[in-house]
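Right, one structure below, let's go through it.
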Amino acid sequence: AQSVAQPEDQVNVAEGNPLTVKCTYSVSGNPYLFWYVQYPNRGLQFLLKYITGDNLVKGSYGFEAEFNKSQTSFHLKKPSALVSDSALYFCAVRESQAGTALIFGKGTTLSVSS
Amino acid sequence: EAGVVQSPRYKIIEKKQPVAFWCNPISGHNTLYWYLQNLGQGPELLIRYENEEAVDDSQLPKDRFSAERLKGVDSTLKIQPAELGDSAVYLCASSPGGLAGTYNEQFFGPGTRLTVL
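Keeping their order, the protein sequence lines are chains U and B. Here the numbering used here is used: the first residue of the first sequence is 1175, the next is one more, and so on. Here the numbering used here is used: the first residue of the second sequence is 6, the next is one more, and so on.
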């Protein structure tokens, strides 16, 4: 069965510092991995995805993520955090087989202080 | 390009009452999803449509929940009767169908926040 773990409920960083939001996954086959962000009272917005190819994926708003197959991880990173990055971040995984559902982690709240 | 549209945005009802949520996906997206998001949790799939066919409804509580997508475009999710535990955010998402949908991300609407009193 597929599963996603986001081990941190909250991550606190100072503006200008690098940030990392952790995600590990479990699937039986090849994973398709996604990061979404959710602002209060709004739907989820897509940030980036890993399907195949280069392990380092770049996405919206300066975010990037690195796929690590041996550690089954897909951590979200940004070199310099902004206060406006404060939001709820979700990692999600699905198997590469067509028709499989997208499984979300429980989310990590990122708080960037000025 | 218009995003996924959902209505209403908020709904407050008494328990045992019926409630319905509406979703209009992005134009051309054949795949439509309904998710349930409880407070402090990630979204959980309720049902997935490919055009007008429900291809994955294994997580839909069929004793009280129903959904339809009659013309393969917009969709309605209904709860009858609602229970206190149904209070949550109901999210609709869409993506291109077929092989493109396998690789592509899902696009989410703003959700409907349901409060059952």
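Here a beta-carbon is modelled for each residue, glycine too, at the ideal position from N, C-alpha and C. In this text the structure is predicted, and so the values were computed from the model without any measurement.
What distance in whole Å lies between the Cβ atoms of Lys1196/U and Gln1212/U, which are believed to be in contact at a cut-off of 8 Å?
Contact doesn't hold; Cβ gap of about 17 Å is too wide.
What residues match up with Ala72/B in a beta bridge as DSSP calls it?
Note: Ala72/B sits in a beta bridge opposite Leu82/B.
Does Leu1276/U come out as helix, strand or coil in the three-state DSSP assignment?
It is coil, neither helix nor strand.
Identify the continuous beta strand (DSSP E) that holds Leu1256/U and give its terminal residues.
That residue, Leu1256/U, is in no beta strand (DSSP E); it is neither H nor E in DSSP.
Determine the DSSP secondary structure at Leu122/B, reduced to helix, strand or coil.
Reduced to three states, the DSSP call for Leu122/B is coil.
Taking Leu1256/U as the reference, give the member of Gly1203/U, Val1286/U and Gly1281/U with the closest Cα.
Looking at the Cα atoms, Val1286/U is the closest of the given residues.
Which residues in chain B sit within 9 Å of Gly1227/U, going by Cβ to Cβ distance?
Under the 9 Å cutoff, chain B gives no residues; its nearest Cβ is about 12 Å from Gly1227/U.
Short check: CB of Gly1217/U to CB of Gly116/B, under 8 Å?
Cβ distance < 8 Å, so Gly1217/U and Gly116/B count as in contact.
Establish whether the CB of Gly1236/U and some CB of chain B are separated by less than 8 Å.
So, not an interface residue.
Please classify Pro48/B: is it buried, with 16 or more other beta-carbons within 10 angstroms of its beta-carbon, or exposed?
The residue is buried, with at least 16 neighbouring Cβ atoms inside 10 Å.
Distance, Cα to Cα, Ser63/B vs Ser1288/U?
So the alpha carbons of these two residues sit roughly 45 Å apart.
Anything in chain B within Cβ reach of Gly1279/U, meaning under 9 Å, just list it in chain order.
Result: Gly47.
What residue range does the beta strand (DSSP E) around Glu49/B cover?
Where Glu49/B is concerned, the enclosing beta strand (DSSP E) stretches over Glu49 to Glu55.
Could you name the residues of the same chain whose beta carbon sits closer than 8 Å to that of Ile31/B, not counting the 5 residues immediately before and after it, in chain order?
For Ile31/B, where only same-chain residues beyond five positions count, the Cβ hits under 8 Å are Glu6, Ala7, Gly8, Val9, Ser99 and Phe112.
For Tyr38/B, is the classification buried or exposed, using 16 other Cβ atoms within 10 angstroms of its Cβ as the cut-off for buried?
Result: buried.
Using a Cβ-Cβ distance under 8 Å, would Lys1223/U count as near chain B?
Interface residue, yes.
Shortest alpha-carbon distance to Thr81/B belongs to which of Gly45/B, Asn43/B and Leu51/B?
That would be Leu51/B, whose Cα lies nearest to the Cα of Thr81/B.
Whose C-beta lies closer than 8 Å to the C-beta of Val1187/U among residues of the same chain, with five residues either side of it excluded?
Here the set comprises Leu1193, Ala1255, Leu1284, Ser1285, Val1286 and Ser1287.
Look at the alpha carbon of Glu19/B and the alpha carbon of His1249/U, and state the distance between them as a whole number of angstroms.
Computed Cα separation, rounded: 42 Å.
Measuring only between beta-carbons, confirm whether Gly1217/U sits less than 8 Å from chain B.
Cβ-Cβ to chain B under 8 Å: yes for Gly1217/U.
Phe1264/U versus chain B: which residues are under 8 Å apart at the beta carbon?
Near Phe1264/U (Cβ distances below 8 Å), the residues of chain B are Gly47 and Pro48.
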